[in-house]
Amino acid sequence: MTLSIVEIVVLVLLGAASALALLRLWIGPHTADRIVAADTLSVIATGLIVVFSLLFDSPLYLDVALLYGVLAFVGIVALARAIEGERS
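Using numbering that gives the first Met the number 0, the first residue of the sequence shown is number 0, and each one after it goes up by one.
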């Protein structure tokens with residue numbers, strides 16, 4: 000499997016976005032910053048699964064990406080509600 004220039008650029012950009020989101024997760028001064036960074040990482044991971052679906056020419060990964068996206072959303076909402084409950 001050889002990658003085209005576009006695929007390499009997409010993978011590099013996803014890697015850079017992941018690195019920046021991890022940096023925000025690590026040094027975020029507030030809890031809300033860390034939650035947003037975790038949400039960003041879950042969106043990037045979902046996009047990466049979709050890219051793998053295109054690279055491996057397997058539509059099964061699209062179902063996995065959809066399920067992962069829904070579960071990540073529910074997890075982030077639960078985390079945000081837990082943080083909000085601590086402040087009240």
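The beta-carbon is built from N, C-alpha and C at its ideal position, and this holds for glycine as well. As the structure is a prediction and not an experimental result, all values here were calculated from the model.
Can residue i and residue j be called in contact, C-beta distance under 8 Å?
i: LEU40; j: LEU24; result: yes
i: LEU2; j: VAL50; result: no
i: TYR60; j: ILE43; result: no
Is residue i helix, strand or coil when you go by DSSP?
i: LEU2; result: coil
i: ASP56; result: coil
i: GLY27; result: coil
For this session: Could you tell me whether the segment 1-17 touches the segment 27-37, where touching means 3 or more Cβ pairs closer than 8 Å?
Result: No: the two stretches stay apart, fewer than three of their Cβ pairs being nearer than 8 Å.
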